[in-house]
Amino acid sequence: MIAEIGQATIWLALFSCLWTIIAIAMGMRHRHLGAIQSGRNATTATFGLISTATLALVYSFITDDFTLLYVYEGSSLKQPLLYKVTALWGKMSGSLLFWLWLLTFFSAIVVWQNQKPLVSTDNTSLADSALITLAFVSFFFILLVTGLIEGVRNPLARFPWGIVKVDGLGMNPLLQTPSMAFHPPLLYVGFVSLTVPFAFAMGALISGNLSNLWLHLSRRWAMFSWIALTVGVTLGGNWAYHELGWGGYWAWDPVENASLMPWLLCSAYLHSAMIQEKRNMLKTWNMVLVSLAFGFTILGTFITRSGVISSVHAFAQSQVGGFFVIFLLALLTGTAILILLRWHQLRSPNRLESLLSRESAFVLNNWILVALTAMILFGTLWPIISEAVTQQKMAVPEAYFNQIVIIPGLILLLLTGIGPLISWKTLTLSNFNRVFAKPTAMSVIAALISLVIFYLYREPETSVSTIILSAICVLGAVFVLTAILEEFYRGGKLRAKRNQIGLFLGIIHLLRHNKRRYGGYLVHIGIVILYIGIMGSKGYDRLTTESLTPGQAIKIRGYELIAGEGFQQKHANFDLSGVNFTVKKNGKVFDTMKPARAFYFTAGQGDQDTIESAIRHVGHIGLNNLYIALGPLPSKFPNYTQEPITVEVYHNPLINLVWIGVAVMLIGGVIAILENTIPATNLTPQGLSSV
Amino acid sequence: MLVILLQLNSQANNADLKKLLKSVYCYCGCSRETIEVCICGVAQEIEKNFKKKLTLEKTVDQIKSEYLAQYGSQFDAIMKAEGFNLVAYIVPFVLLAIFGGISVVVLKKQKAVQIVTQPAGSTNLDGLEEEIQQYRQQR
Chain H
9 MIAEIGQATI WLALFSCLWT IIAIAMGMRH RHLGAIQSGR NATTATFGLI
59 STATLALVYS FITDDFTLLY VYEGSSLKQP LLYKVTALWG KMSGSLLFWL
109 WLLTFFSAIV VWQNQKPLVS TDNTSLADSA LITLAFVSFF FILLVTGLIE
159 GVRNPLARFP WGIVKVDGLG MNPLLQTPSM AFHPPLLYVG FVSLTVPFAF
209 AMGALISGNL SNLWLHLSRR WAMFSWIALT VGVTLGGNWA YHELGWGGYW
259 AWDPVENASL MPWLLCSAYL HSAMIQEKRN MLKTWNMVLV SLAFGFTILG
309 TFITRSGVIS SVHAFAQSQV GGFFVIFLLA LLTGTAILIL LRWHQLRSPN
359 RLESLLSRES AFVLNNWILV ALTAMILFGT LWPIISEAVT QQKMAVPEAY
409 FNQIVIIPGL ILLLLTGIGP LISWKTLTLS NFNRVFAKPT AMSVIAALIS
459 LVIFYLYREP ETSVSTIILS AICVLGAVFV LTAILEEFYR GGKLRAKRNQ
509 IGLFLGIIHL LRHNKRRYGG YLVHIGIVIL YIGIMGSKGY DRLTTESLTP
559 GQAIKIRGYE LIAGEGFQQK HANFDLSGVN FTVKKNGKVF DTMKPARAFY
609 FTAGQGDQDT IESAIRHVGH IGLNNLYIAL GPLPSKFPNY TQEPITVEVY
659 HNPLINLVWI GVAVMLIGGV IAILENTIPA TNLTPQGLSS V
Chain D
2 MLVILLQLNS QANNADLKKL LKSVYCYCGC SRETIEVCIC GVAQEIEKNF
52 KKKLTLEKTV DQIKSEYLAQ YGSQFDAIMK AEGFNLVAYI VPFVLLAIFG
102 GISVVVLKKQ KAVQIVTQPA GSTNLDGLEE EIQQYRQQR
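So the sequence lines, in the order shown, correspond to chains H and D. Going by my numbering, the first residue of the first sequence is number 9, and it counts up by one from there. Going by my numbering, the first residue of the second sequence is number 2, and it counts up by one from there.
Structure (structure tokens):
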């Protein structure tokens with residue numbers, strides 16, 4: 009009954025969504041306030057209806073209603089409650105319902121945020137125009153979850169002919185981890201919230217209100233999206249590191265790339281939006297960029313859901329791929345038409361005063377970020393292109409992406425430091441010397457020193473190119489850090505002097521009174537830390553593999569790991585079997601590590617086992633990792649005296665800087681988003697800045 | 002002498018084995034992991050098979066070709082910059098250059114734009130200010 013109610017609400021939502029589009033559009037055209045208000049109410053109603061459907065599905069999971077196909081495929085009696093709930097987004101149709109729920113939720117928030125009494129259609133805000141766009145996108149996703157499109161089943165559909173299953177197949181064991189519980193919803197929050205700035209952009213084009221108001225109203229949404237995407241993408245990497253047993257966190261997998269590309273475009277948009285806010289320039293480009301950022305969230309979903317990368321034939325066998333293509337083309341065409349219709353109104357009244365200005369630096373920043381997105385997209389789609397031409401399947405290796413992103417990545421690192429240093433409008437020669445001299449000098453010295461150290465202490469496996477690239481990375485990192493820390497120091501010192509307080513409090517004052525700027529600087533510091541972490545963990549990681557019996561040891565970079573007794577533990581829905589390792593450094597016992605394999609019991613499918621790697625923070629300040637993964641266990645385990653176990657041990661230098669860097673980025677992002685609304689003077693057509 | 006030759010042969014085989022293990026993906030379904038990295042039972046069997054074939058004097062290329070012929074070209078973990086794949090290595094940098102060129106054009110166009118001044122008290126400015134005030138009051 010609950011499932012049937014849920015299915016009915018999905019169909020009702022289809023009509024309420026259509027009503028939103030029709031009512032608001034007709035209301036604006038015929039100046040009918042009642043129709044506009046009715047459209048707004050329908051938006052809220054759609055959220056209510058989809059929430060009912062979503063709750064119905066969650067309820068079905070919690071109550072183990074295996075008469076529903078989706079629940080049967082994604083859950084089991086013994087599955088912990090947390091994973092019964094997170095099974096909502098475990099497979100395609102449920103994840104699309106979750107996406108839709110988020111979209112209708114955010115649409116309802118837009119209604120709430122922009123409430124005002126409708127006294128005349130003259131003050132109909134562009135938010136109402138944005139609601140039309142949001143409803144259009146919602147309509148697409150509702151169509152998907154109704155089950156009308158082949159390849160996507162209604163998540164609340166029951167087994168035919170009253171079939172009843174006593175237990176489910178269980179969620180994929182790889183997904184039953186805390187990081188995987190939060191990675192998909194956060195990623196979806198990031199993807200879906202990008203719809204809002206896009207909708208406001210389209211709202212501005214539809215309504216003809218092409219002042220900077222749409223930027224102002226959607227700024228926090230864009231930053232919120234960026235924060236959610238940053239966390240979501242990182243949690244995905246963290247999950248891969250902990251669960252997949254290959255010692256790495258990023259392999260340029262198509263699914264990973266699909267999440268990274270919108271993040272890159274969102275980062276570009278946040279920068280170029282600042283140019284429009286401060287200088288009233290790049291209006292057309294911002295419309296295009298926010299549309300691209302949103303479009304890539306749909307494209308990413310298309311890439312991962314249609315199976316087109318793994319097989320062109322899989323794509324052709326299901327209608328869902330074609331449906332996504334039609335939707336993307338409709339979006340692209342509609343956006344292009346709207347921009348062309350408003351082309352002359354989007355022309356900027358201001359000019360660039362100097363190529364040596366922050367505006368130019370931000371344009372270059374956009375160049376790199378958008379180019380990187382295009383390069384990654386090309387590499388992701390290369391298997392399809394290659395198969396179409398050569399008739400041979402292929403996979404693009406990680407090494408390919410690592411090679412193509414290095415140069416733009418290093419340019420981006422330098423721009424991360426240059427951008428904050430250059431002033432708006434123009435950089436004078438005296439300013440140039442003042443702001444660039446110290447960072448340049450320090451970075452060059454640091455690069456030369458690091459080049460010598462990396463070369464003298466290199467291992468045989470380390471290539472010269474790795475050493476050179478590492479030195480360039482150090483150059484960029486020191487440049488950025490020096491530049492930004494000097495900004496904090498100068499600003500903090502000024503505040504401290506003015507308020508008669510210490511330097512530390514002065515810096516806190518600085519953050520409080522200019523959150524966006526200095527929060528942004530913190531983000532840049534986080535990016536530098538991330539780069540150093542990537543340099544260490546990708547450039548200098550080591551792997552050693554041995555087959556061991558009890559008492560035998562494996563050695564890596566001064567550590568000796570001695571295999572001890574096997575152990576076995578029983579848990580609710582899995583058994584854990586592993587080996588105790590004693591870790592020695594320089595002959596002294598350092599710690600014990602317990603890598604294991606987890607065997608999950610699933611009805612009808614046989615046992616599935618996952619690798620539960622043991623990870624230990626090592627090094628002077630714990631920035632490095634020792635990582636042990638176990639191979640398949642012998643039949644007589646925990647006795648493995650006669651049949652050795654394959655053990656892989658990784659040493660990953662500086663890998664914890666990856667997580668620390670992202671954490672600093674998040675702190676900076678949260679500080680920046682807290683900044684209050686931009687003063688009205690910044691929204692004048694001339695874009696005069698008072699910040 | 003024989004011992005030295007055997008040791009050299011063993012070292013060469015180890016080097017060849019390592020090269021092989023890095024050059025193909027495991028077909029087990031683990032996410033695109035090479036045999037060197039993949040820790041499943043399938044990878045271990047493949048490694049044993051490769052060792053056996055190396056002792057039978059087969060070359061790395063021969064063993065790799067047999068593996069790909071049996072399991073599919075999508076398990077090739079090396080993408081050489083030759084043949085049609087050369088396009089994959091060139092196009093990204095062409096894209097980088099194109100976008101760089103677009104940026105330069107945009108910057109030059111923005112530099113050439115004439116400043117359009119609006120007379121004080123223009124309706125656009127008044128309307129915008131009024132709209133901002135209304136939003137501020139309602140928040």
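Where is the CB? At the ideal position from N, CA and C, for every residue including glycine.
Cβ neighbour criterion (16 or more within 10 Å) applied to residue i
i: W247 (chain H); result: buried
i: L89 (chain H); result: exposed
i: I457 (chain H); result: exposed
i: G639 (chain H); result: buried
i: E656 (chain H); result: buried
i: M80 (chain D); result: buried
i: V397 (chain H); result: exposed
i: D62 (chain D); result: exposed
i: N647 (chain H); result: exposed
i: N632 (chain H); result: buried
i: F323 (chain H); result: Any reading at F323 (chain H) needs caution, since the residue's pLDDT is 47, under 50, leaving its predicted position unreliable; the model's value is listed next. By the neighbour-count rule (16 or more Cβ atoms within 10 Å), F323 (chain H) is buried.
i: H747 (chain H); result: The structure shown has nothing for residue 747 (chain H), since chain H only spans 9 to 699.
i: V503 (chain H); result: Just to set this straight, residue 503 (chain H) is Arg in the shown sequence, not Val. Answer is buried; the Cβ neighbour count reaches 16.
Within chain H, partners of residue i - CB distance below 9 Å
i: D77 (chain D); result: M402, A403, P405
i: Y26 (chain D); result: A403, P405
i: M80 (chain D); result: W390, M402, A403, V404, P405, A407, Y408
Range of the contiguous beta strand (DSSP E) that encloses residue i
i: G586 (chain H); result: 582-593
i: E361 (chain H); result: Unbroken run through E361 (chain H): none, as it is neither H nor E.
i: N265 (chain H); result: Looking at the DSSP string, N265 (chain H) is not in any beta strand (DSSP E); the run it does join, the alpha helix (DSSP H), is 262-287.
i: E573 (chain H); result: 567-578
i: A403 (chain H); result: Taken as a continuous stretch (DSSP letters only), A403 (chain H) belongs to no beta strand (DSSP E), as it is neither H nor E.
i: T654 (chain H); result: 653-660
Residue-level contact to chain D via CB, residue i, 8 Å cutoff
i: F386 (chain H); result: yes
i: E656 (chain H); result: yes
i: L418 (chain H); result: no
i: F323 (chain H); result: Confidence in F323 (chain H) is poor, its pLDDT being 47 and thus under 50, which makes the residue's placement too unreliable to answer from.
i: V320 (chain H); result: In this prediction, V320 (chain H) scores a pLDDT of 44, lower than 50, which makes its location untrustworthy; the coordinate-derived value is nonetheless stated afterwards. Chain D, which has no Cβ nearer than 8 Å to the Cβ of V320 (chain H), makes this no.
i: V204 (chain H); result: no
i: A622 (chain H); result: no
i: M231 (chain H); result: no
i: L213 (chain H); result: no
i: S137 (chain H); result: no
i: G528 (chain H); result: no
i: P640 (chain H); result: yes
Residue i at chain H interface by Cβ criterion, 8 Å
i: D17 (chain D); result: no
i: K53 (chain D); result: no
i: A70 (chain D); result: no
i: L21 (chain D); result: no
i: V107 (chain D); result: yes
i: L97 (chain D); result: yes
Chain D residues whose Cβ lies nearer than 7 Å to that of residue i
i: A637 (chain H); result: I40
i: I412 (chain H); result: P93
i: P186 (chain H); result: Ordered by position in chain D, no residue passes the 7 Å Cβ test against P186 (chain H), which lies about 20 Å from the chain.
i: G630 (chain H); result: None at all; the shortest Cβ gap to chain D is about 25 Å.
beta-carbon residue i near the ligand ATP non-hydrogen atom, thresh 7 Å
i: V241 (chain H); result: Ligands displayed in this structure: none; no statement on the ligand ATP is therefore possible.
Residues that residue i contacts on chain H, provided the C-beta gap is smaller than 8 Å
i: S104 (chain D); result: V371, L372, N374, W375
i: Q63 (chain D); result: Simply none; closest approach about 19 Å.
Limits of the unbroken alpha helix (DSSP H) element including residue i
i: T552 (chain H); result: Where T552 (chain H) is concerned, there is no enclosing alpha helix (DSSP H), although the beta strand (DSSP E) it sits in stretches over 550-556.
i: D599 (chain H); result: Element bounds for D599 (chain H): not the alpha helix (DSSP H) but the beta strand (DSSP E), 596-601.
Interface partners of residue i on chain H, CB under 7 Å
i: S74 (chain D); result: Q400, K401, M402
i: E34 (chain D); result: W254
i: E132 (chain D); result: L221
Chain D residues whose Cβ lies nearer than 9 Å to that of residue i
i: G178 (chain H); result: Within chain D, no residue comes near G178 (chain H); the closest Cβ sits about 18 Å away, beyond 9 Å.
i: M269 (chain H); result: Per Cβ cutoff of 9 Å: no residues; M269 (chain H) is ~13 Å from chain D at best.
i: A382 (chain H); result: P93, L96, L97, I99, F100
Amino acids of chain D, ordered along the chain, whose beta-carbon sits closer than 8 Å to that of residue i
i: L363 (chain H); result: L108, K112
Q. Of the residues that make up the region 483-501 of chain H, which ones have a beta carbon closer than 8 Å to any beta carbon in chain D?
A. Cβ contacts with chain D: none found.
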